[in-house]
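Q:
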Amino acid sequence: MLQERRGLPFASGRSWIRHMRFTGHSVADSQAPSRDAAIAGLLDACFGGAHEGRTFFKQVPHRRLLAWNGDGLVGHVGMDLRAVRVDEATVPVLGIVDLCVAPAARRQGIGTALLQAAEERAEGQSFALAMADDPRLYHRAGYNLIHAADVTFLAIDELRCHSVVRRDLSEVFMVKRLAGNAWPDGPIDLLGHLF
126 MLQERRGLPF
136 ASGRSWIRHM
146 RFTGHSVADS
156 QAPSRDAAIA
166 GLLDACFGGA
176 HEGRTFFKQV
186 PHRRLLAWNG
196 DGLVGHVGMD
206 LRAVRVDEAT
216 VPVLGIVDLC
226 VAPAARRQGI
236 GTALLQAAEE
246 RAEGQSFALA
256 MADDPRLYHR
266 AGYNLIHAAD
276 VTFLAIDELR
286 CHSVVRRDLS
296 EVFMVKRLAG
306 NAWPDGPIDL
316 LGHLF
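Under this note's numbering, think of the first position of the sequence shown as 126, with each following residue one higher.
#1: Reducing DSSP to helix, strand and coil, say where P217 ends up.
#2: Confirm, please, whether the CB-CB distance from D212 to P309 is below 8 angstroms.
#3: Measuring CA to CA, which of F278, T237, D282 is closest to V290?
#4: At the level of alpha carbons, what is the spacing between F252 and R246?
#5: Just the C-alpha distance for L240 and A170, rounded to the nearest angstrom, thanks.
#6: Go ahead and pull the three-state DSSP assignment for H187.
#7: Hey, quick one: how far does the beta strand (DSSP E) through L303 stretch, first residue to last?
#8: Once you ignore the five residues that flank A255 on each side, which residues in its own chain have a CB closer than 6 angstroms to its CB?
#9: Alpha carbon to alpha carbon, what distance is there between N306 and I164?
#10: Within 10 angstroms of the Cβ of F320, are there 16 or more other Cβ atoms? Answer buried if so, exposed if not.
#11: In whole angstroms, what is the alpha-carbon distance linking L316 and A162?
#12: Quick one, are the C-beta atoms of A257 and T237 less than 8 angstroms apart?
#13: Check the C-beta distance from H272 over to S295 and give it rounded, since I have them as a contact under 8 angstroms.
#14: What residue range does the alpha helix (DSSP H) around H272 cover?
#15: Apart from the five residues on each side of it in sequence, which residues of its chain come closer than 7 angstroms, Cβ to Cβ, to R292?
#16: Should E244 go down as buried or exposed, given a rule of 16 or more other Cβ atoms within 10 Å for buried?
#17: Do the CB positions of V202 and L190 come within less than 8 angstroms of each other?
Here's what the structure looks like:
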């Protein structure tokens with residue numbers, strides 16, 4: 126289990142933010158039941174109940190980073206490490222999953238700090254990739270929309286795979302270069318579910 130505690134890497138006028146801590150963890154650890162209840166509650170609060178009390182929407186992320194204020198969970202980001210295919214190139218990516226901040230804790234830099242912390246742990250991935258209905262945070266963090274995002278992915282609904290879908294996701298498909306060359310041109314195959 127990775128256990129990490131540190132203050133957020135920026136100044137804030139809010140006194141409690143200096144006491145914020147991140148915890149990162151693998152899927153299995155001894156604090157799972159209480160932590161998972163906090164994650165499920167935060168995800169439901171942030172995504173209008175779409176997670177239906179689960180700690181994930183389509184699939185459990187490989188890793189998570191959590192932002193705590195005392196004993197209260199105020200932020201979450203899931204991390205998926207995966208290879209995707211762009212035209213004929215295989216591209217290693219960090220998929221950003223379910224980035225969210227509790228409504229009462231927004232506009233204090235927590236989402237930005239979680240995103241930055243996830244990118245720092247990308248372990249050699251060339252790009253960070255996110256599906257963003259609201260791109261403002263991602264734009265500020267250096268992400269760009271891929272305007273020719275013809276994407277193939279595994280469709281999952283009600284916890285069941287039902288088809289392979291090809292769709293234009295130009296309005297939500299965002300990437301940030303972490304290392305190496307620019308994002309290649311061409312059709313994108315996620316080689317799995319959406320992030």
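Quick reminder that beta carbons are idealized off the backbone N, C-alpha and C, glycines included. The model shown is predicted, which means the values in this text are computed figures rather than measured ones.
A: A quick look at the data gives this:
#1: strand
#2: yes
#3: F278
#4: Inter-residue distance for F252 and R246 is about 12 angstroms (C-alpha atoms, whole angstroms).
#5: 19 angstroms
#6: coil
#7: Taken as a continuous stretch (DSSP letters only), L303 belongs to no beta strand (DSSP E), as it is neither H nor E.
#8: I221, Y263, M299
#9: Between I164 and N306, the C-alpha separation is close to 35 angstroms.
#10: buried
#11: 30 angstroms
#12: No; because the gap between Cβ atoms is not below 8 angstroms, this pair is not in contact.
#13: Yes, H272 and S295 are in contact; Cβ-Cβ is about 5 angstroms, under 8 angstroms.
#14: Run containing H272: none; DSSP gives neither H nor E here.
#15: V276
#16: Residue burial annotation: E244 is buried, with at least 16 other C-beta atoms found within 10 angstroms of its C-beta.
#17: Yes, Cβ-Cβ distance for V202 and L190 is below 8 angstroms.
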